[in-house]
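From first to last, the protein sequence lines are chains A and B.
For what it's worth, our numbering labels the leading residue of the first sequence as 1, then goes sequentially.
For what it's worth, our numbering labels the leading residue of the second sequence as 96, then goes sequentially.
Note that CB positions come from ideal geometry on N, CA and C, so glycine has one too.
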Amino acid sequence: MISKEEVKHIAKLARLELGPKEVEKFRKELSEILDYVKKLNEVNIEKVKPTTHPLGIENIFREDKAAPQPVEMSNDLIEAAPEKKERYIRVKAVL
Amino acid sequence: MKLHELTISQAHQGLIKKEFSALELTQVFLKRIKELDKKIFSFLTLSEKLAILQAKAVDQKISRSQEIPFLAGIPLAVKDNILVKDLRSTAGSKILEDYKAPYDATVIKKIKEQGGVILGKTNLDEFAMGSSGEFSAFGPTHNPCDLARVPGGSSSGSAAAVGAGLSLYALGSDTGGSIRQPASFCGVVGLKPTYGAVSRFGLIAMASSLDQIGPITKTIEDAEIVFEVIRKQDPLDSTSVESKVSSFNFQVPGLKIGIPKEYFIKGINPKVEKIIKEGIKKIEDLGAKIEEISLPHTEYALPCYYIIMSSEASANLARYDGIKYGMSKVRDKKLRVKNLLEVYLSSRGEGFGEEVRRRIMLGTYALSAGYYEAYYLKAQKVRSKIKEDFEKAFEKVDLILTPVSPGLPFKIGEKIKDPLLMYLSDIFTVSVNLAALPAMSVPCGRVEELPVGLQIIGKPFEEGKIFQAGKVFEK
């Protein structure tokens with residue numbers, strides 16, 4: 001069983017605020033799921049290469065050229081932000 | 096025949112012969128949605144104005160005797176994780192409740208170019224995470240075959256809308272069975288194309304190495320028509336590829352079909368098994384050669400999938416930060432957030448629902464320092480073994496047949512409290528995504544009123560063969 005502290009640590013890494021009952025709930029549920037996925041230990045994966053692309057495709061190149069977009073598009077994108085000043089998105093202080 | 100019962104090619108013929116207009120056809124569906132969808136809840140957003148505009152544009156072309164493409168004037172429903180410009184795109188989540196899409200997904204662009212008529216956006220499990228439709232933040236969709244039961248998920252609304260005749264066809268997305276399983280539960284056809292065959296640009300990402308967009312339709316011919324329109328390499332999705340349409344001389348006699356013994360195990364509903372075996376018998380009677388095969392790593396597919404899917408999802412969902420778009424607590428008067436971290440924690444803490452939180456937590460754990468090799472890397476190695484199983488099998492057979500789901504559509508509420516039990520609903524569908532293969536769910540029979548789907552799995556980019564073989568089961 002994973003500990004309460006581990007659950008809290010993971011939630012912080014995930015930037016996810018948990019409710020008071022959730023720590024205990026996730027402790028139980030994640031432990032059960034992690035126990036279940038331990039099944040993978042039965043597979044002999046010595047010398048097996050991990051899948052890096054589902055179809056094994058590599059190196060897709062394109063010309064290093066910007067594709068101009070209409071100004072309405074960038075306006076819409078900026079408009080979607082909750083805090084902005086002119087054409088900038090504002091963020092709270094980091095610290 | 097009633098207009099809402101038409102297939103795409105029947106509706107297309109009716110439009111060009113001027114038996115009815117695109118506007119009339121569209122209004123039939125809009126009226127049905129208003130009357131019947133209160134009980135089914137397949138739509139989250141109706142786009143009546145857009146639909147009428149699109150239909151009128153097609154009618155004008157017809158009145159000027161212009162040629163129209165197959166999907167012109169044909170009403171469709173779009174899963175709400177696929178962007179349609181200027182329409183709300185929630186992905187079934189509170190965090191995107193008021194999000195308006197700033198551009199069209201490539202598949203939508205292609206359908207609009209044809210003159211398709213978009214009726215609205217359909218309900219889904221939040222961010223496509225679920226197997227029943229119950230994890231939508233806006234409430235569950237009901238199965239049109241039995242309203243007390245789930246329609247399957249995560250493309251719950253798309254499958255239910257087509258099954259109930261509320262849309263002529265629909266688009267869904269499939270990460271571990273999310274097109275095939277609801278198609279099976281609602282008695283319609285659902286295709287998960289080969290990974291990369293259809294552009295994912297404009298699909299709200301869940302697990303990027305597994306996600307694919309595909310059609311949900313009444314017939315296989317319809318699925319073929321829609322797939323032909325939406326497939327193709329797209330410069331905006333570097334994982335998309337130009338799929339060669341394999342021309343082949345298709346004949347059932349001599350076709351080699353593999354039946355993986357690992358898919359007929361205890362735990363499968365005997366009534367489902369019986370219907371699937373009758374289906375297999377049907378194609379055998381027509382001259383196909385049935386061969387028992389083994390996919391030895393089948394039992395590892397589900398744990399492998401849950402590690403890879405949740406890891407990729409936890410990374411993809413990092414973009415919902417309360418800063419760029421979507422729900423944010425940054426200006427919340429009560430909360431008065433002081434710094435950036437608090438914006439993240441509170442916006443995500445309130446915006447994400449239960450299953451999404453669970454998968455973000457699991458994925459973050461699996462990718463965190465000290466665990467990456469034990470979980471994610473190991474799962475990607477097991478994935479290679481699963482792919483290899485299929486590669487070996489396809490050296491001997493042309494197609495593989497299995498059930499789509501081990502059970503029938505279950506009651507709403509039956510599995511929602513037990514995550515592992517819910518995950519088991521995907522046991523026959525996840526391997527296909529891990530191996531990047533195309534697969535289709537075809538209606539194969541019913542247990543009383545409840546439909547059973549047969550899964551036809553093919554080699555990469557051999558959708559054509561799947562369509563041809565599938566037609567045997569439609570007759």
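| task | Run the CB neighbour count on B:K313, radius 10 Å, all protein chains shown included, and call it buried at 16 or more, exposed below. | result | Position 218 of the second sequence holds residue 313 of chain B. B:K313 should be labelled buried.
| message | What residue range does the alpha helix (DSSP H) around B:T334 cover? | response | The residue you call residue 334 of chain B lines up with position 239 of the second sequence. Element bounds for B:T334: n/a, residue is neither H nor E.
| task | Would you list, in chain order, the members of the segment 422-448 of chain B that have their beta-carbon closer than 8 Å to a beta-carbon of chain A? | result | S423, V425, R426, V432, K433, N434, L435, L436, E437, V438, Y439, L440, S441, R443, G444, E445, F447
| Any idea which residues DSSP pairs A:V1 with across the strands? | Stepping through the first sequence from its first residue, residue 1 of chain A is reached at position 1. The identity of residue 1 of chain A in the sequence shown is Met, whereas the question assumes Val. Bridge partners of A:M1: none, in fact.
| Chain-ordered neighbours of A:V24 on chain B, where CB pairs are closer than 9 Å | For the purposes of this step, residue 24 of chain A is taken as the residue at position 24 of the first sequence. One detail in the question is off: residue 24 of chain A reads as Glu in this sequence, not Val. In chain order: nothing, as chain B lies at least about 13 Å away.
| Looking only at DSSP bridge pairs, what is B:V542 linked to? | For the purposes of this step, residue 542 of chain B is identified with residue 447 of the second sequence, where counting begins at 1. Partner(s): B:L545.
| request: Could you list which residues in chain A have their beta carbon closer than 7 Å to that of B:A172, in chain order? | output: Position 77 of the second sequence, counted from the start, is the residue given in the question as residue 172 of chain B. Chain-ordered listing is empty here: chain A has no CB closer than 7 Å to the CB of B:A172, the nearest sitting near 24 Å.
| message | How far does the beta strand (DSSP E) with B:K216 in it extend, from its first residue to its last? | response | Counted from its first residue, the second sequence places residue 216 of chain B at position 121. Counted as a single uninterrupted DSSP element, the beta strand (DSSP E) harbouring B:K216 occupies residues 212-217.
| Endpoints, the alpha helix (DSSP H) within which B:L145 is located | Position 50 of the second sequence, counting from 1, holds the residue named residue 145 of chain B. Here the alpha helix (DSSP H) through B:L145 covers 143-158.
| said: Pull the bridge partners of B:D269 from the DSSP assignment, please. | reply: On the second sequence, position 174 is the one that residue 269 of chain B refers to. For B:D269, which the question treats as bridged, DSSP gives the partners B:Q307.
| Along chain B, in chain order, which residues have C-beta atoms closer than 9 Å to that of A:R62? | Position 62 of the first sequence, counted from the first residue, corresponds to residue 62 of chain A. Residues of chain B passing the Cβ test: P330, S333.
| field | C-alpha gap between B:C240 and A:L77, whole angstroms | value | Locating residue 240 of chain B in the second sequence gives position 145, where the first residue counts as 1. Locating residue 77 of chain A in the first sequence gives position 77, where the first residue counts as 1. If I take the Cα positions, the gap works out to 41 Å.
| task | Could you spell out the range, first to last residue, of the beta strand (DSSP E) harbouring B:A172? | result | Counting from one through the second sequence, the residue named residue 172 of chain B turns up at place 77. Segment 170-174, the beta strand (DSSP E) holding B:A172.
| query | Around the C-beta of B:C179, are 16 or more other C-beta atoms found within 10 angstroms, so that it is buried, or is it exposed? | reply | Numbered from its first residue, the second sequence carries residue 179 of chain B at position 84. The sequence shown places Val at residue 179 of chain B, rather than the Cys named in the question. The residue is buried, with at least 16 neighbouring Cβ atoms inside 10 Å.
| query | By the criterion of Cβ-Cβ separation under 9 Å, what are the contact partners of A:A81 in chain B? | reply | Residue mapping note: residue 81 of chain A aligns to position 81 of the first sequence, counting from 1. Under the 9 Å cutoff, chain B gives I418, K419, Y420, S423.
| query | Among residues of its own chain, excluding the 5 on either side of A:S31, which ones have a beta-carbon nearer than 6 Å to its beta-carbon? | reply | As a first step, residue 31 of chain A is located in the first sequence; it is residue number 31 there, counting from the start. Once the five neighbours on either side are set aside, the close Cβ partners of A:S31 are M1, I2.
| query | Thinking just about the alpha-carbon of each residue, which of B:F136, B:V492, B:F562, B:Q550 is nearest to the one in B:L350? | reply | One-based indexing of the second sequence puts residue 350 of chain B at position 255. Considering only alpha carbons, the answer is B:V492.
| said: So, does the segment 382-389 of chain B touch the segment 273-281 of chain B, judging by three or more C-beta pairs under 8 Å? | reply: Counting C-beta pairs with one atom in each stretch, the segment 382-389 of chain B and the segment 273-281 of chain B have fewer than three that are closer than 8 Å, which means they do not touch.
| Chain-ordered residues of the segment 269-298 of chain B with a beta carbon less than 9 Å from chain A | T289, Y290, G291
| query | In the DSSP assignment, what residue or residues form a beta bridge with B:Q550? | reply | In the second sequence, residue 550 of chain B corresponds to position 455, counting from 1. Bridge partners of B:Q550 according to DSSP: B:T497, B:S536.
| task | Check whether the segment 209-225 of chain B touches the segment 236-256 of chain B, counting contact only when three or more Cβ pairs, one atom from each stretch, lie closer than 8 Å. | result | Yes, they touch.
| chain A beta carbons: is any one of them nearer than 7 Å to that of B:T459? | Stepping through the second sequence from its first residue, residue 459 of chain B is reached at position 364. Interface residue, yes.
| Can the beta-carbon of A:T52 be found closer than 7 Å to that of B:S479? | The count along the first sequence starts at 1 and reaches residue 52 of chain A at position 52. The count along the second sequence starts at 1 and reaches residue 479 of chain B at position 384. Not in contact: A:T52 and B:S479 (Cβ atoms no closer than 7 Å).
| task | Compare the C-beta of A:P20 with all C-beta atoms of chain B and state if any pair is closer than 7 Å. | result | Position 20 of the first sequence, counting from 1, holds the residue named residue 20 of chain A. Chain B contact via Cβ: absent.
| field | 7 Å Cβ cutoff met for B:A396 and B:S526 | value | On the second sequence, residue 396 of chain B is found 301 positions in, with the first residue counted as 1. On the second sequence, residue 526 of chain B is found 431 positions in, with the first residue counted as 1. Yes, the Cβ-Cβ distance between B:A396 and B:S526 is below 7 Å.
| message | So for B:N238, helix, strand or coil by DSSP? | response | On the second sequence, residue 238 of chain B is found 143 positions in, with the first residue counted as 1. B:N238 falls in the strand class under three-state DSSP.
| message | What would DSSP say about B:I352, mapped onto helix, strand or coil? | response | For this step, residue 352 of chain B is matched to residue 257 along the second sequence. Strand, per DSSP.
| task | Starting from B:R478, find everything on chain A with Cβ-Cβ shorter than 7 Å and list it in chain order. | result | Within the second sequence, the letter at position 383 stands for residue 478 of chain B. Per Cβ cutoff of 7 Å: T51.
| request: Examine chain A for any beta-carbon lying closer than 7 Å to the beta-carbon of B:Y466, and answer yes or no. | output: Translated into positions along the second sequence, residue 466 of chain B becomes position 371. B:Y466 does not count as touching chain A.
| query | Quick one: is A:A14 near chain B, going by C-beta distance under 7 Å? | reply | Translated into the one-based positions of the first sequence, residue 14 of chain A becomes position 14. Yes - at least one Cβ of chain B is within 7 Å of the one on A:A14.
| Taking C-beta to C-beta, are B:A150 and B:A117 nearer than 7 Å? | Against the second sequence, residue 150 of chain B aligns to sequence position 55. Against the second sequence, residue 117 of chain B aligns to sequence position 22. Cβ atoms of B:A150 and B:A117: closer than 7 Å.
| message | What would DSSP say about B:G228, mapped onto helix, strand or coil? | response | Within the second sequence, residue 228 of chain B is the residue found at index 133, counting from 1. It is coil, neither helix nor strand.
| field | DSSP state of A:V71 mapped onto helix, strand, coil | value | Sequence index remark: in the first sequence, residue 71 of chain A carries index 71 (1-based). Helix, per DSSP.
| task | Below 8 Å on the Cβ atoms is my guess for B:G421 versus B:G446; work out the distance and round it to an integer in Å. | result | Locating residue 421 of chain B in the second sequence gives position 326, counting from the first residue. Locating residue 446 of chain B in the second sequence gives position 351, counting from the first residue. Rounded, the Cβ-Cβ distance is 7 Å, consistent with contact.
| query | Are any of the Cβ atoms in chain A nearer than 7 Å to that of B:P514? | reply | Taking the second sequence and counting its residues from 1, the one referred to as residue 514 of chain B is at position 419. For B:P514, the answer is yes, since a Cβ of chain A falls inside 7 Å of its Cβ.
| task | Could you work out which residues of chain A lie near B:M571, taking near to mean beta carbons separated by less than 8 Å? | result | There is no way to answer for residue 571 of chain B, as the model of chain B reaches only from 96 to 570.
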